[in-house]
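For the protein sequence lines, the chains are A and B, in the order given.
Heads up, the numbering used here is the position in the first sequence plus 2, with the first residue counted as 1.
Heads up, the numbering used here is the position in the second sequence plus 2, with the first residue counted as 1.
Number of protein chains: 2
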Amino acid sequence: MVRRAKTGDPGLRGVPLSPGVARAPSRLRAVPLDSRAMVGPALQFELHRTDPRTRARLGRVSTRHGSFDTPAFMPVGTQGTVKGILPDHLAATGSQIILGNTYHLMLRPGSKVVAELGDLHRFMAWPGPILTDSGGFQVFSLADINQIDDHGVTFRSHIDGSIVQLTPERSMQVQNDLGADIIMAFDECPDPHKPIEYQQLAVDRTVRWAEQCVAAHARKDDQSLFGIVQGGTNESLRLRCAEKLIAMELPGYAIGGLAVGEGFDAMKRVLSYTTPALPEHKPRYLMGVGFPRDIVAAVREGMDMFDCVMPTRNGRNAYAFTMDGPIRLRNSRFANDAGPVESGCDCYACRHFTRGAVRHFFLAGEMLGPILLSLHNIRFYQRLMADVRRAIGEGRFDEFAANDPRAALGGADPDASEPEGKEEAS
Amino acid sequence: MVRRAKTGDPGLRGVPLSPGVARAPSRLRAVPLDSRAMVGPALQFELHRTDPRTRARLGRVSTRHGSFDTPAFMPVGTQGTVKGILPDHLAATGSQIILGNTYHLMLRPGSKVVAELGDLHRFMAWPGPILTDSGGFQVFSLADINQIDDHGVTFRSHIDGSIVQLTPERSMQVQNDLGADIIMAFDECPDPHKPIEYQQLAVDRTVRWAEQCVAAHARKDDQSLFGIVQGGTNESLRLRCAEKLIAMELPGYAIGGLAVGEGFDAMKRVLSYTTPALPEHKPRYLMGVGFPRDIVAAVREGMDMFDCVMPTRNGRNAYAFTMDGPIRLRNSRFANDAGPVESGCDCYACRHFTRGAVRHFFLAGEMLGPILLSLHNIRFYQRLMADVRRAIGEGRFDEFAANDPRAALGGADPDASEPEGKEEAS
């Protein structure tokens with residue numbers, strides 16, 4: 003059973019969110035147990051300003067569970083929680099929208115269970131906007147796949163070994179149960195090294211599956227279905243995919259199949275020809291990206307929404323982002339360091355704890371180490387997004403992208419090979 | 003180096019704390035990085051009221067880092083953190099004083115490191131009162147002991163296998179470095195099944211070691227040293243130990259060596275003759291106790307302070323205290339349960355999350371399961387203490403103890419044998 007919105011959500015209704023201003027955490031505290039979604043249109047996108055020298059844009063997306071400012075970064079809450087972070091602290095990082103993983107939630111606890119408990123907002127105690135992915139990326143990158151055909155994908159559950167099928171219809175059913183504000187079409191995300199013939203096949207399948215998703219989507223008044231542009235690094239494939247999806251008049255569009263090993267320059271090239279093909283007055287979401295450098299580059303090309311596990315996964319592994327570059331808090335040089343993780347940072351960890359204490363928590367196996375650095379890293383990303391939005395708003399994004407040290411902060415993810423990544427990859 | 007108090011702590015100075023009223027969590031948020039201890043006497047104890055029909059008493063203890071209402075429950079922060087709980091959420095449970103473990107902190111990160119980083123308040127980001135134990139109980143119950151003699155205890159570190167000696171002087175030095183408001187004399191806590199001759203020897207040693215602690219304590223203006231009454235279940239030993247310690251005119255007294263397997267009735271008997279021997283106008287602390295039933299019984303005998311790992315350790319193992327008795331959140335009957343962990347509870351977990359979601363977090367190995375139930379269980383204990391204080395204040399503690407279901411909530415700790423207990427036993 004899917005419960006529908008009846009009454010307004012006192013936690014978020016009417017809360018004015020300005021670019022760069024974090025939502026006050028106290029708002030979330032007041033959300034009573036039986037709060038449900040807001041009334042209003044499923045999605046509105048206001049385009050406030052476009053940068054004069056780049057394609058960067060400042061906007062706001064409104065959903066039935068509140069609004070978020072764009073460009074926006076969405077922390078990843080794979081299994082119904084951003085690992086180790088309570089919702090009030092998550093809101094205090096300035097996060098306005100979060101992402102949930104369909105693949106993980108359909109396997110455990112199951113989307114029907116989430117629906118019976120209210121919906122994903124209620125389950126996660128996150129009254130603000132949520133986006134769920136389609137499960138496609140996880141199936142292709144994580145699962146033990148038995149078969150891919152035009153109907154969908156058959157794979158073995160990593161929880162209990164049972165055989166599960168994911169199809170466009172099933173992905174829609176699961177996402178309708180979960181009840182996120184933005185849901186994603188089921189797509190095929192092929193290995194970028196497969197030949198052009200396969201990429202072509204995957205694009206055709208992605209387009210056909212998107213049509214099936216549109217037909218199967220049962221909650222169009224509540225949930226906005228975004229299409230996903232695939233096509234690898236091939237311009238004509240990307241443009242053809244975009245064209246077909248745009249004809250479906252979906253409320254938003256994503257670019258998938260990037261940040262999968264093609265490299266920074268290839269990603270920028272794909273964005274440079276794909277983004278201009280997307281509708282100007284609809285939000286644009288670059289899936290699974292990325293390092294601060296990648297986000298700044300993608301904003302420059304006109305992308306509005308981002309998600310990535312790096313702040314949380316790296317945080318759990320004692321890796322902290324700072325304006326001066328990343329640091330590893332397990333390092334012995336921090337043992338007696340009485341300074342905060344990052345000087346000048348206003349996150350909970352930096353306002354209250356020393357580097358020496360954070361290092362101790364990691365060495366002692368205390369949860370507080372992962373918790374504090376996850377909080378810090380998410381806040382680092384949200385500070386970046388707030389500064390990006392401010393720069394666009396003031397017409398100086400080009401200067402920001404040229405001078406801010408974060409615009410150069412990239413490179414290989416040092417923790418990509420760690421097993422925890424599997425649980426949370428998006 | 004031990005840093006001393008210079009400036010006031012804006013987070014707690016002047017905050018009125020009434021019995022039963024939780025400290026507002028927002029107070030802690032405002033504590034700046036460089037906050038230090040308050041000025042004022044090291045310890046004051048106000049005895050507000052004594053119950054007309056029992057020995058239960060209502061009071062308040064003031065330290066240089068703020069006050070706490072008695073009877074008080076102290077959550078245990080073994081390694082510089084109450085596991086998984088950020089200080090603002092801990093304060094929101096109504097906790098006013100917390101406990102740190104000398105044994106664990108001296109081994110890792112080392113008391114000098116804590117002192118160099120400020121002190122234990124700064125290290126834990128807890129600006130309120132802290133009590134540290136002497137390390138004695140852990141050494142006797144957890145460590146791989148090489149030798150016990152009149153000088154102290156030699157044991158093998160569980161961290162790196164090195165040989166460590168703990169003596170009265172060393173315990174004082176470590177606790178002076180840590181800088182807690184209340185520190186404990188180094189005592190011998192013998193196996194209660196050892197013969198009377200050994201209990202006698204342990205009492206003599208405990209008294210002699212207490213004298214050495216008094217002589218070695220280097221921060222009498224900042225930190226209040228409590229003596230620990232030992233003597234097993236032998237009345238004359240207990241009374242003799244109490245008498246000798248009282249002659250030292252310490253600012254407070256603890257009863258140790260209980261909740262070590264002697265049983266509920268034996269504990270009550272020991273309290274019935276030991277408590278009246280303690281000074282009326284000094285706080286009385288029953289170490290390591292216990293179940294709600296044990297606490298209510300000890301309050302009846304006139305005890306003021308308590309600590310126990312049960313709310314947190316059991317919480318991490320999916321065991322939740324409720325007014326209707328304990329529940330195990332891993333149980334499949336909670337899978338679709340949309341109610342809170344405990345109906346009527348005002349803790350963060352109960353206000354925001356369903357039983358079904360909490361169960362999922364445990365099954366999925368998410369940190370949020372342990373975090374949410376630790377918060378709930380601590381709040382359960384603090385609600386108990388607030389109700390106990392209110393009952394004493396209104397002259398109806400006897401009725402409360404006779405009728406409240408929590409006064410009967412005891413029994414064997416179902417998780418006592420789990421390995422995590424070792425890390426946190428106090």
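C-beta atoms are modelled at their ideal positions from N, C-alpha and C, and glycine is treated no differently.
It should be emphasised that the depicted structure is a prediction, and the values quoted were computed from it without experimental measurement.
{"Query": "Take the Cβ of Pro253/A as the centre, count every other Cβ of all protein chains shown within 10 Å, and call the residue buried at 16 or more, exposed below.", "Result": "buried"}
{"Query": "Measure the C-alpha to C-alpha separation of Leu370/B and Met126/A and round it to an integer number of angstroms.", "Result": "10 Å"}
{"Query": "Which class does Val354/A belong to by DSSP, given the choice of helix, strand or coil?", "Result": "One detail in the question is off: residue 354/A reads as His in this sequence, not Val. Three-state DSSP puts His354/A in a helix."}
{"Query": "Which residues of the segment 340-355 of chain B have a Cβ closer than 8 Å to any Cβ of chain C? Give them in chain order.", "Result": "Going by chain labels, chain C is absent from the structure shown, which instead holds the protein chains A and B."}
{"Query": "Assuming contact is defined by CB atoms lying nearer than 8 Å, are Met108/B and Asp309/B in contact in what I supplied?", "Result": "no"}
{"Query": "Less than 6 Å between C-beta atoms, sequence neighbours within five positions excluded: which residues of the same chain meet that for Ile329/A?", "Result": "Ala322"}
{"Query": "If the criterion is Cβ atoms closer than 8 Å, does the pair Thr356/A and Lys85/A meet it?", "Result": "no"}
{"Query": "Just mark Lys284/B as buried or exposed, buried being the case when its beta carbon has 16 or more other beta carbons within 10 Å.", "Result": "buried"}
{"Query": "Let me see if you follow: with CB-CB separation under 8 Å, is Gln81/A close to chain B or not?", "Result": "yes"}
{"Query": "Between which two residues does the beta strand (DSSP E) harbouring Thr52/B extend?", "Result": "45-52"}
{"Query": "Can you say whether Glu199/B is buried or exposed, counting buried as having 16 or more other CB atoms within 10 angstroms of its CB?", "Result": "exposed"}
{"Query": "Name, in chain order, the residues that DSSP records as bridge partners for Tyr255/A.", "Result": "Gly229/A, Arg286/A"}
{"Query": "Quick one, which of Met325/B, Asp152/B, Glu303/B, Gln98/B has its alpha-carbon nearest Glu213/B's?", "Result": "Asp152/B"}
{"Query": "Considering only the alpha carbon of each residue, which of Phe157/A, Thr56/A, Val176/A lies closest to Gly102/A?", "Result": "Val176/A"}
{"Query": "For the putative contact between Ile165/B and Arg158/B, defined by C-beta atoms under 8 Å, what is the C-beta separation to the nearest angstrom?", "Result": "6 Å"}
{"Query": "When the Cα of Thr56/B is compared with those of Gly412/B, Glu401/B, Ala410/B, Asn405/B, which residue comes out closest?", "Result": "Glu401/B"}
{"Query": "Just to make sure I have the definition right: I need the residues of chain B whose C-beta is within less than 8 Å of the C-beta of Asn379/A. Which are they?", "Result": "The contacting residues do not exist; Asn379/A stays about 15 Å from chain B at best."}
{"Query": "For chain B, find out if any of its Cβ atoms is closer than 8 Å to the Cβ of Asn338/A; answer yes or no.", "Result": "yes"}
{"Query": "From which residue to which residue does the alpha helix (DSSP H) around Asn148/B run?", "Result": "Note, Asn148/B: premise wrong, no alpha helix (DSSP H); beta strand (DSSP E) at 146-151."}
{"Query": "What residue range does the alpha helix (DSSP H) around Leu377/B cover?", "Result": "370-395"}
{"Query": "Starting from the N-terminal side, write out each stretch of the beta strand (DSSP E) that is 3 residues or longer and does not extend beyond the segment 89-133 of chain B.", "Result": "100-102"}
{"Query": "Would you please state the rounded distance, in angstroms, between the beta carbons of Val231/B and Thr276/B? I believe it to be under 8 Å.", "Result": "6 Å"}
{"Query": "So what does DSSP say about Val155/B, is it helix, strand or coil?", "Result": "strand"}
{"Query": "From Cys349/A to Leu122/B, what does the alpha carbon distance come to, in whole angstroms?", "Result": "21 Å"}
{"Query": "Quick check: is the beta carbon of Arg332/A nearer than 8 Å to any beta carbon in chain B?", "Result": "no"}
{"Query": "Starting from the beta carbon of Phe382/B, find every residue of chain A whose beta carbon is closer than 7 Å, and list them in chain order.", "Result": "Those within 7 Å of Phe382/B in chain A number zero; the least Cβ separation is about 18 Å."}
{"Query": "Would you call the segment 265-273 of chain A and the segment 290-297 of chain A touching, i.e. three or more CB-CB distances under 8 Å?", "Result": "yes"}
{"Query": "Residues of chain B with CB under 9 Å from Gly86/A, in chain order?", "Result": "Gly86, Glu368, Met369, Leu370, Ile373"}
{"Query": "Only counting the same chain, and skipping five residues up and downstream in sequence, which positions put a Cβ closer than 6 Å to that of Gln140/B?", "Result": "Tyr105"}
{"Query": "Any chance the segment 393-400 of chain B sits against the segment 108-117 of chain B, with 3 or more Cβ pairs inside 8 Å?", "Result": "no"}
{"Query": "Along chain A, which residues have their Cβ under 9 Å away from the Cβ of Phe363/B?", "Result": "Gln81, Gly82, Thr83"}
{"Query": "Between Val115/A and chain B, is any beta-carbon pair separated by less than 8 Å?", "Result": "yes"}
{"Query": "Are the CB atoms of Gly434/A and Leu247/A nearer to each other than 8 Å?", "Result": "Any question about residue 434/A goes unanswered here, given that chain A covers just 3 to 428."}
{"Query": "In whole angstroms, what separates the C-alpha of Leu49/B from that of Gly304/B?", "Result": "11 Å"}
{"Query": "Taking the alpha carbon of Tyr383/B as the reference point, which residue from Ala337/B, Met307/B, Asp339/B has its own alpha carbon closest?", "Result": "Met307/B"}
{"Query": "Relative to the C-alpha of Thr324/B, which candidate in Leu280/B, Gly292/B, Cys352/B, Ala145/B has its C-alpha closest?", "Result": "Cys352/B"}
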